[in-house]
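Taking the working numbering, the leading residue of the sequence shown gets 660, the next gets one more, and so forth. Every residue, glycine too, gets a C-beta built ideally from N, C-alpha and C. Working notes, structure below.
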Amino acid sequence: MTSKSEDASGDGEGRISRRKLLQYAGEFDIESVHFLKLSKMDLFDISVLRESKNITRLDISHNRLSNIEAIGQLKSITFLNITANQITNIDCLAGSESLEELSAAGNLLSNTERIKCLMGLLSLKNLRLNDNINKLTNPICKMQNYHKSVLQLLPSLIVFDGERVNGRGSELYKMCCELDEQIESGRTFGPVAHRPLAEPWIKPGYFAIKEPPVGADESSQAFSELVKDCKRVVDQAALRLERFKRVENTNA
Numbered sequence: 660m661t662s663k664s665e666d667a668s669g670d671g672e673g674r675i676s677r678r679k680l681l682q683y684a685g686e687f688d689i690e691s692v693h694f695l696k697l698s699k700m701d702l703f704d705i706s707v708l709r710e711s712k713n714i715t716r717l718d719i720s721h722n723r724l725s726n727i728e729a730i731g732q733l734k735s736i737t738f739l740n741i742t743a744n745q746i747t748n749i750d751c752l753a754g755s756e757s758l759e760e761l762s763a764a765g766n767l768l769s770n771t772e773r774i775k776c777l778m779g780l781l782s783l784k785n786l787r788l789n790d791n792i793n794k795l796t797n798p799i800c801k802m803q804n805y806h807k808s809v810l811q812l813l814p815s816l817i818v819f820d821g822e823r824v825n826g827r828g829s830e831l832y833k834m835c836c837e838l839d840e841q842i843e844s845g846r847t848f849g850p851v852a853h854r855p856l857a858e859p860w861i862k863p864g865y866f867a868i869k870e871p872p873v874g875a876d877e878s879s880q881a882f883s884e885l886v887k888d889c890k891r892v893v894d895q896a897a898l899r900l901e902r903f904k905r906v907e908n909t910n911a
């Protein structure tokens with residue numbers, strides 16, 4: 660039986676009651692809960708989740724959690740967000756064979772030993788331990804060759820820390836890794852080949868205003884006179900046509 664204060668707040672003491680869990684999930688039966696979001700509730704105890712064994716998607720990010728043993732009972736879970744807590748150990752996930760996506764940035768996972776429990780999870784394709792955008796990380800992320808070490812442990816990952824590391828679209832990531840290795844090892848990229856300087860796209864003086872050629876003024880004047888003569892001929896023809904029409908109308 661839950662206490663009155665626990666049912667009233669649900670998370671007032673860092674715990675969540677069965678009743679509140681059902682309320683947040685919008686369900687009447689604990690076994691009917693499949694999706695659950697308990698983010699930013701100041702929780703440090705989620706032991707009640709042991710009863711929700713059919714949960715497939717769970718968000719418990721931004722709390723005060725250091726112990727997530729209860730999640731080990733959720734064998735159907737495919738998505739888990741434990742971002743921004745105080746978690747040092749995720750060994751309870753070793754049996755979560757259905758887990759496909761895990762976000763654990765902003766915790767206290769210290770080294771690769773802490774993530775070896777994930778090695779048997781062949782369904783795990785997306786893992787985040789470091790979030791540069793939100794400045795959430797783990798001590799493990801400060802290790803030398805951090806990315807390489809994690810990917811050696813978990814070669815089946817497709818997306819790691821938001822970057823596509825395997826499959827289609829991973830070429831850029833691999834190229835950047837190779838460049839980083841060369842820079843860190845101090846290796847040079849070989850002699851720089853001599854290349855001629857690029858030539859201008861247009862010749863000098865291309866946009867300069869050109870002077871008119873000699874005799875251009877005379878030609879222009881002659882052309883103007885020709886146009887005027889043509890206009891006079893047209894005007895005379897129009898006048899004669901008008902007179903002819905008048906004579907025709909009179910005779911009619």
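Subject >> Cβ distance (whole Å) where ARG716 is taken to contact THR737 below 8 angstroms >> reply: The C-beta distance from ARG716 to THR737 rounds to 7 angstroms, short enough to meet the 8 angstroms contact threshold.
**OP:** Report the option in ASN766, GLU756, LEU767 whose CA atom is closest to the CA atom of GLY779.
**Re:** GLU756
Original post:
According to the Cβ coordinates, are VAL707 and SER676 closer than 8 angstroms?
Top reply: yes
Subject >> Boundaries of the beta strand (DSSP E) in which LYS696 is found, first to last residue >> reply: Counting along the chain, the beta strand (DSSP E) containing LYS696 begins and ends at 694 to 696.
**OP:** Quick one: which unbroken beta strand (DSSP E) runs of 3-plus residues sit fully inside the region 725 to 810? Chain order, please.
**Re:** Unbroken beta strand (DSSP E) runs of no fewer than 3 residues, entirely contained in the region 725 to 810, are found at 738 to 740, 760 to 762, 785 to 787, following chain order.
Original post:
With distances taken between CB atoms, is the gap from ASN825 to LEU816 smaller than 8 angstroms?
Top reply: yes
**OP:** Drop a sphere of 10 angstroms on the beta-carbon of PHE694, count the other beta-carbons inside from all chains shown, and report buried for 16 or more, exposed for fewer.
**Re:** exposed
Original post:
If we ignore side chains and look at the alpha-carbon of each, how far apart do LEU777 and LEU783 end up?
Top reply: 8 angstroms
Original post:
What residues match up with ARG716 in a beta bridge as DSSP calls it?
Top reply: PHE694, PHE738
**OP:** Taking only the alpha-carbon atoms, compute the straight-line gap between ILE749 and LEU758 and give it to the nearest angstrom.
**Re:** 13 angstroms
Original post:
What number of angstroms, rounded off, separates the C-alpha of ALA886 from the C-alpha of LEU898?
Top reply: Reading off the sequence, residue 886 comes out as Val, not Ala. When rounded, the distance between both Cα atoms is 19 angstroms.
**OP:** Determine the direct distance from the alpha carbon of ASP701 to that of VAL809, and round the result to whole angstroms.
**Re:** 30 angstroms
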